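The sequence shown runs 87 to 466 under my numbering. Using N, Cα and C, we set each Cβ at its ideal position, and we do this for glycine too. Only a predicted model underlies this, so the values are computations on that prediction, with no experimental measurement involved. Worksheet: one structure, shown below.
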Amino acid sequence: MMSLLKMLLVCTIVCAVTIVLFFMNQFASSCLAASRLQKLSPEAVMTSLQSASEDQAAVARIAWEARWRQLFPGRKWGSEPNCRSSMKFVRKPQFRPLWVAERLQRLPAIPMKGLEIGACSMPVQMPPHLNMSYLDHKADKEGLSSACFGGASATVPDIVDDAARLDLVESEAFDVVLAAHVLEHMPDVLGALQHWLRVVKKGGLLFVLVPDLCDPKYPPGDRLRLVARPEHFVEEFLNESVSIDNFLGHAAEQGVSLSGIDVLRTASGLPATGYSCELAGSAQGNTKFTKIIEDADRLTSFVDVPLELHPDKIYEEGLCASRQPHNVHLHLWSVDSARAMLNCAVELFRTRGLGFVLEDVHAAGRTAFNMQEIRFILRR
Numbered sequence: 087m088m089s090l091l092k093m094l095l096v097c098t099i100v101c102a103v104t105i106v107l108f109f110m111n112q113f114a115s116s117c118l119a120a121s122r123l124q125k126l127s128p129e130a131v132m133t134s135l136q137s138a139s140e141d142q143a144a145v146a147r148i149a150w151e152a153r154w155r156q157l158f159p160g161r162k163w164g165s166e167p168n169c170r171s172s173m174k175f176v177r178k179p180q181f182r183p184l185w186v187a188e189r190l191q192r193l194p195a196i197p198m199k200g201l202e203i204g205a206c207s208m209p210v211q212m213p214p215h216l217n218m219s220y221l222d223h224k225a226d227k228e229g230l231s232s233a234c235f236g237g238a239s240a241t242v243p244d245i246v247d248d249a250a251r252l253d254l255v256e257s258e259a260f261d262v263v264l265a266a267h268v269l270e271h272m273p274d275v276l277g278a279l280q281h282w283l284r285v286v287k288k289g290g291l292l293f294v295l296v297p298d299l300c301d302p303k304y305p306p307g308d309r310l311r312l313v314a315r316p317e318h319f320v321e322e323f324l325n326e327s328v329s330i331d332n333f334l335g336h337a338a339e340q341g342v343s344l345s346g347i348d349v350l351r352t353a354s355g356l357p358a359t360g361y362s363c364e365l366a367g368s369a370q371g372n373t374k375f376t377k378i379i380e381d382a383d384r385l386t387s388f389v390d391v392p393l394e395l396h397p398d399k400i401y402e403e404g405l406c407a408s409r410q411p412h413n414v415h416l417h418l419w420s421v422d423s424a425r426a427m428l429n430c431a432v433e434l435f436r437t438r439g440l441g442f443v444l445e446d447v448h449a450a451g452r453t454a455f456n457m458q459e460i461r462f463i464l465r466r
C-alpha cells in the first residue's frame with residue numbers, strides 16, 4: 087500500500103514538474119521575442135503579451151515590433167481593437183437620414199434649429215421642420231476642395247468657424263447638432279465634443295458619426311491601427327500642449343493607413359497600386375484611388391500587420407499627411423473603444439457643469455453611400 091502511495095506521489099510530482107516546465111518554456115519563448123523590443127518598457131511588453139493571448143492581430147503586431155525593434159505607431163496610447171470580436175455586433179446597414187429621423191420622431195414636430203458641422207459634399211437630409219445651418223472652416227471652393235472628399239460639390243457653409251471650438255456660435259443655440267466624419271480629425275476629441283454639446287439646447291441632441299476602424303472593406307489600412315485608450319483622450323483634453331505634442335505621433339498612425347492600402351490589396355490577392363500621399367490630388371493619384379475604391383468589396387476581411395511593412399514607409403507617408411492636417415485621421419475607434427471614451431466623458435463633463443446622457447453607441451454596416459461607421463447620440 088505504501089509503495090502504491092509512493093508511486094502515485096512520484097507520478098503527481100513528475101506531472102506537476104512537466105506542466106511547470108511546459109509553461110516556463112512557453113513564457114521563455116514569449117520573453118525571448120519580447121527581449122528584442124529594445125525600445126519597449128517592461129509595462130508595454132507585459133501589456134503586449136497579455137493582448138497577444140486574446141487576439142492574433144496582437145501577435146502579429148508584437149512580431150512586427152520585434153522585427154523592427156521599435157514601437158508600432160500609436161502604441162504609446164493605444165490598445166488592440168479586437169476587430170474579429172467586434173464585427174459580430176455590427177448592426178444592419180441603415181441610411182443616415184433614417185437613423186436620425188428615427189430618433190427625432192420622439193421630439194415634438196415643431197420648428198427647430200439644426201446645425202451640421204463639416205457637411206462637405208454629403209449633408210445629411212433632415213426633416214423639414216428643422217431649419218438647418220452649416221458650419222465649416224472654409225467657405226471658398228478651393229479651400230473646401232482641399233479639405234473635403236468631393237469638395238467641388240461641397241455645401242457652402244453659413245458659418246465659417248473652427249469646428250474644434252465653435253467660437254462664433256452661442257451656447258445652447260441649436261436643438262440638434264450633427265457631425266459626420268469630423269471628430270476623427272480633431273486634435274482634442276473631448277474638447278471638440280464639449281463645444282459641440284455646449285451649443286446644444288438642454289434636452290437637445292448631438293448626433294456624431296465616425297469611421298469604424300474595423301470596417302473590413304475600407305480600402306486604406308485603418309484596421310491595421312491601434313485604438314486609443316480613454317485616458318489618452320482625457321490627457322489631451324486636460325492639457326492642450328499634450329495634443330500638440332502628439333500630433334506627429336498621430337500623423338504616423340495615418341502613415342499606417344496610407345501605407346496599408348497596398349498591404350490590404352496584396353493580402354487580398356490584388357495587385358499593388360503604388361498609391362502614396364504625394365500623389366493625392368494629382369491626375370495619377372485620382373486614377374489610382376478610384377481603382378482602390380472600386381476594389382473595396384474584393385478585400386479580405388481580416389488582415390494582420392505584416393513583418394515586411396517597413397517603418398520608413400509608414401513615417402514617410404505620415405510626414406506627408408501631416409502637411410494636410412484636415413485630411414488626417416488623428417484618432418480612430420472600434421465600437422468598444424468609442425463607448426469607453428464616451429463613458430469617461432460623461433463624468434468628466436458633469437464635473438464641469440455640462441451634463442449629458444449617452445443614448446446610443448453602435449456600429450452600422452456599409453451602405454451605398456457610406457462606409458461602416460460608429461454612430462452615437464448624446465442628449466443634453
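Cβ contact annotation for arginine 452 (same chain, cutoff 8 Å, sequence separation greater than five): Pro179, Asp301, Lys303 and Gln458, in chain order. Note on glycine 200: 16 or more other CB atoms within 10 angstroms of its CB, so buried under the neighbour-count rule. At the C-beta level, glycine 346 and tyrosine 361 stay beyond 8 Å of one another. One Cα belongs to arginine 170, the other to aspartate 298, and the distance between them is close to 13 Å. Around the Cβ of phenylalanine 260, a 10 Å sphere holds 16 or more other Cβ atoms; the residue is buried.
No Cβ-Cβ contact shorter than 8 Å links lysine 377 with threonine 352. Burial state of valine 443 is exposed, judged by a 10 Å Cβ sphere holding fewer than 16 other Cβ atoms. By the criterion of a C-beta distance shorter than 8 Å, leucine 269 is surrounded in its chain by Val275, Ala278, Leu279, Val294, Val296 and His417, once the five residues flanking it on both sides are discounted. With contact defined as three or more Cβ pairs closer than 8 Å, the stretch 183-195 and the stretch 403-410 are not in contact.
Within a 10 Å sphere around the beta-carbon of arginine 461 sit 16 or more other beta-carbons, which makes this residue buried. Pairing alanine 314 with serine 423 gives a Cβ-Cβ distance under 8 Å. Of the residues assessed, proline 243 falls on the buried side of the cut-off, its CB having 16 or more other CB atoms within 10 angstroms. Taking the CA atoms as reference points, arginine 465 sits about 12 Å from leucine 264.
One thing to note: valine 186 has its Cβ no nearer than 8 Å to the Cβ of methionine 218.
Closest option to glutamate 380, judged by alpha-carbon separation, among Pro306, Val342 and Glu433: Pro306.
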